[in-house]
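J.: In UniProt numbering, the protein residues as written are 1 to 340. Structure below; questions to follow.
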Amino acid sequence: MKKEITVGAAELKWDLETGEVLFDGGDVVFFWTSAMETFFDTIREISGTEATDLVLETTGFRQGIVVGEGFRELKNIDASNVVEWISNTYAPAGWGKVEIVEMDIEQYTFTMHIQDDWEFKMNQLNRKGTKGIFVPSHYAGVLTGLFGQNFWYRTIRYQNDEQPYSIVEYYPSDVNVQQNIRELARRQEGQQIRQLEEMVDEKTEMLRKLVRELSSPVIPVLEGIIVVPMIGSYDEDRTEDLINNTLNELPRHKAEFLLLDLTGLNRHISEHTAQLIDKLAAAARLLGTETILVGVSPELAMIITRTMQDLSKFETLQSLQHGIYYALGRSGRSISQKNK
């Protein structure tokens, strides 16, 4: 069973035996607007809003080129009859009312009013307020296919409850969908780089805090005696952390003796490190705490003597154990073995 009807400038044919539907000689498929909404929402859910908008714009534009090129060959569409053709072709296809209200043949600029198109109806189903992308870009592709030069568009006004139709301007332009795709890729790449940089900065700060906590420990070993091991080299940040942490802990532990363990310095003692030791000891002295240097090996002693800072004014001992015994003796205490 075959049916045929002409609506406006479009010929529609149905062959119910083969299931074929033709629109001006081309195969077509009809969809409910709600089905298209589900399709678009699925793309947006998977790809994200920005990528989905670019997909819609690119697809609409490229489909428009196919339509424009096809109708230019079939019906010799040109600037003289494009206004009538646009209106009489797209309305029967369910694309709503569209008309070219302004046209400059010399500049090849067009202004269209687009009203109640399928994309607008689709976006209105759930009142999401999504702006039209596919349909406006489609007409840019149609003009590109018809006239053989690249057109782009600018939406002046979107249809809404207060405005009965959208206003879209079309004009020759160097802008193309390939550029938009590359720009999106660059933006996404830049965004990924920024996210990685933020992650690196965050992890670096966490590591820096952990290093500060581990590199400036204050260890109370006995009543009135605390040990601060110095490890590696000291820059400005580590120096400040060491001094602040140590001076804050001295009063809390009622420290009489501060044992600076230099074992971990190895060859990392410099004039700056020597000045750090002197500065820390002077500040501790103001708090009533005596500083003792421990863990001084013969090699380290030679390095210390070559620095400009004089550390000979401090009591220096070879090991931490000797330092603890020394501090106990100075405070009138000793360690003795408990009788069984």
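Positions of the beta carbon are idealized from the N, C-alpha and C atoms, including for glycine.
Excluding the 5 residues preceding and the 5 following L328 in the sequence, name in chain order all residues of the same chain whose CB lies nearer than 8 angstroms to its CB.
T.: For L328, where only same-chain residues beyond five positions count, the Cβ hits under 8 angstroms are L222, I225, S334 and I335.
J.: Along the chain, where does the beta strand (DSSP E) that runs through H138 open and close?
T.: From DSSP, H138 is part of no beta strand (DSSP E) but of the alpha helix (DSSP H) over F134 to F147.
J.: Measuring CB atoms only, is the segment 152 to 162 touching the segment 68 to 76, in the sense that at least three cross pairs come out at less than 8 angstroms?
T.: Segments in contact, no.
J.: Are L280 and L317 closer than 9 angstroms when you measure CB to CB?
T.: No, the pair does not count as a contact, with Cβ atoms beyond the cut-off.
J.: Please list, in chain order, all residues of the same chain as T289 whose beta carbon is under 8 angstroms from its beta carbon, the five residues on each side excluded.
T.: Result list for T289: L250, A255, E256, F257 and L258, in chain order.
J.: At 3 residues or longer, and completely inside the segment 98 to 127: list those beta strand (DSSP E) runs for me, N to C.
T.: 109 to 115, all fully within the segment 98 to 127.
J.: Would you mind giving the Cβ-Cβ distance between T246 and V218, rounded to the nearest angstrom? I have them listed as a contact below 8 angstroms.
T.: With a Cβ gap of about 6 angstroms, T246 and V218 count as contacting.
J.: What's the call for G332, buried or exposed, on a 16-neighbour Cβ count within 10 Å?
T.: It counts as exposed.
J.: Return the residue from the list D235, L56, G48 and K97 that minimises the CA-CA distance to Q275.
T.: Here the closest residue by C-alpha is D235.
J.: Under the DSSP definition of a beta bridge, which residues are partnered with S166?
T.: BP columns for S166 point to I114.
J.: Quick one: what does DSSP say W85 is sitting in, helix, strand or coil?
T.: Looking at W85 - three-state DSSP - the assignment turns out to be helix.
J.: Quick check on residue 342: does DSSP put it in helix, strand or coil?
T.: Residue coverage of the chain in this structure runs from 1 to 340, which leaves residue 342 outside it and unanswerable.
J.: CA-CA distance, M308 and Q195?
T.: Low confidence applies here, because M308 scores a pLDDT of 49, under 50, leaving its location unreliable and the question unanswered by this model.
J.: Could you check the C-alpha separation between E11 and T111 for me, to the nearest Å?
T.: C-alpha separation (whole angstroms): 27 angstroms.
J.: List, from N- to C-terminal side, the beta strand (DSSP E) runs of 3 residues or more that fit wholly inside the segment 261 to 319.
T.: Counting whole runs of 3 or more residues, the segment 261 to 319 contains the beta strand (DSSP E) stretches 290 to 294.
J.: Could you tell me which residues DSSP puts in a beta bridge with A10?
T.: Paired residue(s): V7.
J.: Along the chain, where does the alpha helix (DSSP H) that runs through E223 open and close?
T.: Unbroken run through E223: none, as it is neither H nor E.
J.: Out of curiosity, what's the CA-to-CA distance linking V135 and M199?
T.: Rounded to whole angstroms, V135 to M199 spans 40 angstroms at the Cα level.
J.: E37 and M122 look like a contact to me (Cβ under 8 angstroms); what is the Cβ gap, rounded to whole Å?
T.: Right, the Cβ-Cβ distance comes to about 5 angstroms (below 8 angstroms), so this counts as a contact.
J.: When you compare only the Cα positions, how much space is there between N244 and P220?
T.: Whole-angstrom Cα-Cα distance: 16 angstroms.
J.: Looking only at its chain, what residues have a beta carbon closer than 8 angstroms to the beta carbon of N150, apart from the 5 residues adjacent to it on each side?
T.: Excluding residues within five positions, the ones whose Cβ falls inside 8 angstroms are T144, P172, S173, D174, V175 and N176.
J.: For L230, count neighbouring Cβ atoms within 10 angstroms of its own Cβ and tell me buried if that reaches 16, exposed if not.
T.: In the sequence on display, residue 230 carries Met and not Leu. With 16 or more other Cβ atoms within 10 Å, it is buried.
J.: Within 10 angstroms of its Cβ, does A282 collect 16 or more other Cβ (buried), or is it exposed?
T.: Exposed.
J.: For a test of the three-state rule: what should DSSP assign to F151, helix, strand or coil?
T.: F151: strand per DSSP, three-state reduction.
J.: At a Cβ threshold of 9 angstroms, is L12 touching chain E?
T.: The question asks about chain E, but that chain is absent: this structure has only one protein chain.
J.: Within the same chain, show all residues whose beta-carbon is closer than 8 angstroms to that of G64, passing over the 5 residues directly before and after it, in chain order.
T.: Around G64: S137, H138, Y139, A140, G141, V142, L143, T144 and G145.
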